Amino acid sequence: MSNETKAPGQIITILLGIVVLVVVGIWLLAKLATSGFDVNAEVMSKEAVAARLKPVGVSVASDAPPGMRTGEQVFKGICISCHGTGLAGSPKFGDASAWAPRVAKGWDVLTQHALQGFNAMPAKGGAADLSDDEVKRAVAYMGNAGGGKFTEPAVAGAAGAAADPAVVGKKIYESVCVACHGSGAAGAPKFGDKAAWAPRLKPGLDEVVKIATKGLNAMPAKGGYTGSDEEFKAAVTYLTNAAK
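Listed below in structure tokens is the structure:
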């Protein structure tokens, strides 16, 4: 039996061939494993991607307290997800031809549909934390951009409008006043404690608001609240109503 000895050149060629086969094999396996995840970036527009990623029914992206958001703020925070592009058959913002037949139905019908939901649109656009007036403001804002002549309900705290204690006042209490009035800290009359509030309420609400606005004893002016006087008055009213 004869022994064959391969030349160094042949050995190198064989080794190179093996390396190439291994590389090709790895590439094929990787291609096979990721073939189901190959997405064409052009299939979906940026708007479509944004619409899919946007949460449904979230709070409006605004620093305004609940009940005080304008129609524009509500539109940009909630309604734009559908009305910005005309998604699901909704009338696109600013499209007069799409809004005309809806505006013709009148304010009452439009607001009823927005509040209760209509076709593919859920009640309040899916944002349950919106007040009825905020929804109506959004309807007016969108309807007017489409050719309507509606009047937005006044925003609480604006000229001639009073902030709602049950909405605005409650929100301010829960974010600011509760620090002391929730537990009676620093001698503050505790929320709902009629006995503690009784002597303070005798002069009347206006006097209570006046004193609270200036500050008293350990309480700083407006309890440290930096919003408008109307908003602060709503908080004081909410506090005093709970003690009556």
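In our numbering, the protein residues as written are 1 to 244.
Every residue, glycine too, gets a C-beta built ideally from N, C-alpha and C.
Keep in mind that this is a model prediction, so the values were computed, not measured.
Item to check | Bridge-paired residues (DSSP) for LEU216 | outcome: Position 216 of the sequence shown holds residue 216. DSSP lists MET219 as partners of LEU216.
Checklist entry - So THR111 is in the alpha helix (DSSP H); what residue range does that whole segment cover? => result Numbered from its first residue, the sequence shown carries residue 111 at position 111. From DSSP, the alpha helix (DSSP H) with THR111 extends over 107-116.
Item to check | Buried or exposed (CB count within 10 angstroms, at least 16 for buried), LYS105 | outcome: Locating residue 105 in the sequence shown gives position 105, counting from the first residue. It counts as exposed.
Item to check | Three CB pairs or more closer than 8 Å across the stretch 130-144 and the stretch 96-105 | outcome: yes
Checklist entry - Near GLU42, which residues of its chain fall below 8 Å by C-beta distance, leaving aside the five closest residues on each side in sequence? => result To locate residue 42, count along the sequence shown from 1; it is residue 42. Bear in mind that the predicted position of GLU42 carries a pLDDT of just 38, short of 50, making it unreliable; the figure below should be weighed with that in mind. Result list for GLU42: empty, nothing under 8 Å.
Next on the checklist: Which residue wins for smallest C-alpha separation from CYS177, given the options SER81, ALA234, LYS210?
Outcome noted: If you number the sequence shown from 1, residue 177 lands on position 177. Of SER81, ALA234, LYS210, the residue nearest in Cα terms is ALA234.
Checklist entry - Which residues mark the beginning and the end of the alpha helix (DSSP H) in which MET142 is found? => result Taking the first residue of the sequence shown as 1, we reach residue 142 at position 142. That run of the alpha helix (DSSP H) goes 132-145.
Next on the checklist: Between the alpha carbons of ILE78 and ALA196, how many angstroms are there, rounded?
Outcome noted: Translated into the one-based positions of the sequence shown, residue 78 becomes position 78. Translated into the one-based positions of the sequence shown, residue 196 becomes position 196. Their Cα atoms are separated by approximately 43 Å.
Checklist entry - Short check: CB of VAL139 to CB of LYS124, under 8 Å? => result Start at 1 with the first residue of the sequence shown, and residue 139 comes out as number 139. Start at 1 with the first residue of the sequence shown, and residue 124 comes out as number 124. Going by C-beta atoms, VAL139 is not nearer than 8 Å to LYS124.
Next on the checklist: Between the alpha carbons of TRP107 and GLU152, how many angstroms are there, rounded?
Outcome noted: Indexing the sequence shown from 1 puts residue 107 at position 107. Indexing the sequence shown from 1 puts residue 152 at position 152. Roughly 11 Å between the two C-alpha positions.
Checklist entry - Taking the alpha carbon of ALA163 as the point to measure from, which residue in SER175, GLY227, ALA98 has its own alpha carbon closest? => result Looking up residue 163 in the sequence shown gives position 163. Residue GLY227 is the option with its Cα nearest to ALA163.
Checklist entry - Quick one, which of ASP229, LEU15, ALA221, LYS190 has its alpha-carbon nearest LYS244's? => result The residue given as residue 244 occupies position 244 in the sequence shown. Residue nearest to LYS244 within the set ASP229, LEU15, ALA221, LYS190 is LYS190 (criterion: CA-CA distance).
Item to check | Residue nearest to LEU87 in terms of C-alpha spacing, selected from MET121, GLY71, GLU72 | outcome: What you label residue 87 is simply residue 87 of the sequence shown in a count that begins at 1. Closest option to LEU87, Cα to Cα, is MET121.
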